[in-house]
Amino acid sequence: MTDHVKLLSARERPDMELQNLVKVNVRLLDPTAAPLQVTVVSKDGWVSAEQVYKKVCDALGLKASSRSCFTLYERAANPICRYRSTDEIHVGSAELFLGKWCFSVSQEKDLMHQDQAATHLVFLQAQHDVQTGKFDLQEEDKQKLDECLEPGFTAEDQYILLCQKQPYYQCLRLPQCRLLQGISVSDCSLKTDSMLDVVVSKYGVKLVTDKPVIFTWYEVSKWVLNKEDTTVTLTYAPEDNAVHADVPLKTDQAELFLAGILEMIRLLQKEDKSGASFHADMITVSPDGSSVWENGLYNPSKASR
Numbered sequence: 372m373t374d375h376v377k378l379l380s381a382r383e384r385p386d387m388e389l390q391n392l393v394k395v396n397v398r399l400l401d402p403t404a405a406p407l408q409v410t411v412v413s414k415d416g417w418v419s420a421e422q423v424y425k426k427v428c429d430a431l432g433l434k435a436s437s438r439s440c441f442t443l444y445e446r447a448a449n450p451i452c453r454y455r456s457t458d459e460i461h462v463g464s465a466e467l468f469l470g471k472w473c474f475s476v477s478q479e480k481d482l483m484h485q486d487q488a489a490t491h492l493v494f495l496q497a498q499h500d501v502q503t504g505k506f507d508l509q510e511e512d513k514q515k516l517d518e519c520l521e522p523g524f525t526a527e528d529q530y531i532l533l534c535q536k537q538p539y540y541q542c543l544r545l546p547q548c549r550l551l552q553g554i555s556v557s558d559c560s561l562k563t564d565s566m567l568d569v570v571v572s573k574y575g576v577k578l579v580t581d582k583p584v585i586f587t588w589y590e591v592s593k594w595v596l597n598k599e600d601t602t603v604t605l606t607y608a609p610e611d612n613a614v615h616a617d618v619p620l621k622t623d624q625a626e627l628f629l630a631g632i633l634e635m636i637r638l639l640q641k642e643d644k645s646g647a648s649f650h651a652d653m654i655t656v657s658p659d660g661s662s663v664w665e666n667g668l669y670n671p672s673k674a675s676r
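Shown next as structure tokens:
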């Protein structure tokens, strides 16, 4: 867990007697817009993430059907976590913004036909992703996107549609993660302390290098989150655990990394009904305090190469 952010479940936090109303600022990915300010109940400096989220969505006029496509994040530039409805946020240390949490183009296209306010938020996210280098754009792509931003006439829908064609659009991309242990897999060797981008999708995890390394979810037997060290470790076991490699990746975005893994697994499980759903005994805590998730979809025989 990072020093300046602390997530605490409402069930874990002791009841506080002090309760008052506080104003909470939430930014959008529009650098020219003032932050939204919502008033919520505070107990000893803590507020409900669910209450903040609902009030922000109300203020923006988001339709109920669109709200699952967005989330509260901590920090706009390379967010370090997303807040769940059960989380509580310490008002004094949080830097909140509302962003997209949707990895399905078909779901987005439905949203764009029904909710103009949500479409604008999707546009802001797409523009932010372009500016921060999430996509590996060709010059022709850049030119077409720039044409959508002509002064006085911003073609938001067209801009989104162009971005949706990019390979990493339906992925979570985490820049500059540190590989803490050298690995040799898939005919590729990576040295300890290599710095690389990590792409998480419903197909697996990709280490972006000159020769990309891809682990499908069917070949990852488990993953471990160490909040204290901000590290996520994947266990790559392509042959029923006969041979395996631990892939420890350190990033300030470790908690967001985990959230992305769980979301992509959820999406894949909707398509592959043969895998086990997560249940309590698949999640354990190791002696060093790390959380360990066993992958119910693990099945190397289903991996496609």
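Using my numbering, the letters of the sequence shown correspond one by one to residues 372 to 676. Even glycine gets a Cβ: it sits at the ideal position worked out from N, Cα and C.
Is there contact between the region 513–523 and the region 470–487, where contact requires at least three CB pairs shorter than 8 Å? Not touching, per the Cβ criterion.
List the residues that DSSP assigns as beta-bridge partners of ALA674. Translated into the one-based positions of the sequence shown, residue 674 becomes position 303. For ALA674, which the question treats as bridged, DSSP gives no partner whatsoever.
Could you compute how far the alpha carbon of TYR424 sits from the alpha carbon of ASP507? Locating residue 424 in the sequence shown gives position 53, counting from the first residue. Locating residue 507 in the sequence shown gives position 136, counting from the first residue. Those two C-alpha atoms are separated by around 32 Å.
Between the Cα of GLN535 and the Cα atoms of THR655, VAL412, SER475 and GLY504, which residue gives the shortest distance? Taking the sequence shown and counting its residues from 1, the one referred to as residue 535 is at position 164. When each option's Cα is compared against that of GLN535, the closest is SER475.
Need the endpoints of the alpha helix (DSSP H) that GLN485 sits in, please. Taking the first residue of the sequence shown as position 1, residue 485 is located at position 114. Per DSSP, GLN485 belongs to the alpha helix (DSSP H) from 476–485.
Closest by C-alpha distance to GLY660, when choosing among CYS428, LEU596, ILE451 and LYS513: Taking the sequence shown and counting its residues from 1, the one referred to as residue 660 is at position 289. Looking at CYS428, LEU596, ILE451 and LYS513, the one whose alpha-carbon comes closest to that of GLY660 is LEU596.
By Cβ distance, which residues of its chain are closer than 7 Å to ARG446, with the 5 residues on each side in sequence left out? Start at 1 with the first residue of the sequence shown, and residue 446 comes out as number 75. Cβ within range, chain order: GLU466.
Same chain only: Cβ atoms within 7 Å of HIS375, ignoring 5 sequence neighbours per side: Within the sequence shown, the letter at position 4 stands for residue 375. Only weak support exists for where HIS375 lies, its pLDDT of 44 falling under 50; the coordinates are left without a value.
Using CA coordinates, which residue listed in PHE586, VAL618, LEU629 and PRO619 is at the minimum distance from PRO609? The residue labelled residue 609 in the question sits at position 238 within the sequence shown. Among PHE586, VAL618, LEU629 and PRO619, the Cα nearest to that of PRO609 is on PHE586.
Going along the chain, which residues of its own chain have a beta-carbon closer than 8 Å to the beta-carbon of VAL656, five neighbours each way excluded? Within the sequence shown, numbered from 1, the residue matching residue 656 stands at position 285. If the five residues before and after VAL656 are omitted, its C-beta is found closer than 8 Å to the C-beta atoms of SER662 and VAL663, all from its own chain and listed in chain order.
Identify, in the order they occur along the chain, each residue of the same chain with its Cβ nearer than 6 Å to the Cβ of CYS452, setting aside the five sequence neighbours on each side. Taking the sequence shown and counting its residues from 1, one reaches residue 452 at position 81. So the qualifying residues of the chain are GLU445, GLU626 and LEU627.
Per DSSP, what kind of secondary structure is ASP374 in: helix, strand or coil? Translated into positions along the sequence shown, residue 374 becomes position 3. Because ASP374 carries a pLDDT of 43, less than 50, the predicted location of this residue cannot be relied on, and the following value inherits that uncertainty. Residue state, collapsed to three classes: coil.
List the DSSP bridge partners of ARG453. Here residue 453 is taken as the residue at index 82 of the sequence shown, counted from 1. Paired residue(s): TYR444.
Taking all protein chains shown into account, decide if LEU633 is buried (16 or more other Cβ within 10 angstroms of its Cβ) or exposed. Taking the sequence shown and counting its residues from 1, the one referred to as residue 633 is at position 262. With fewer than 16 other Cβ atoms within 10 Å, it is exposed.
Let me know the secondary structure DSSP gives ASP415 once reduced to three states. Here residue 415 is taken as the residue at index 44 of the sequence shown, counted from 1. It is coil, neither helix nor strand.
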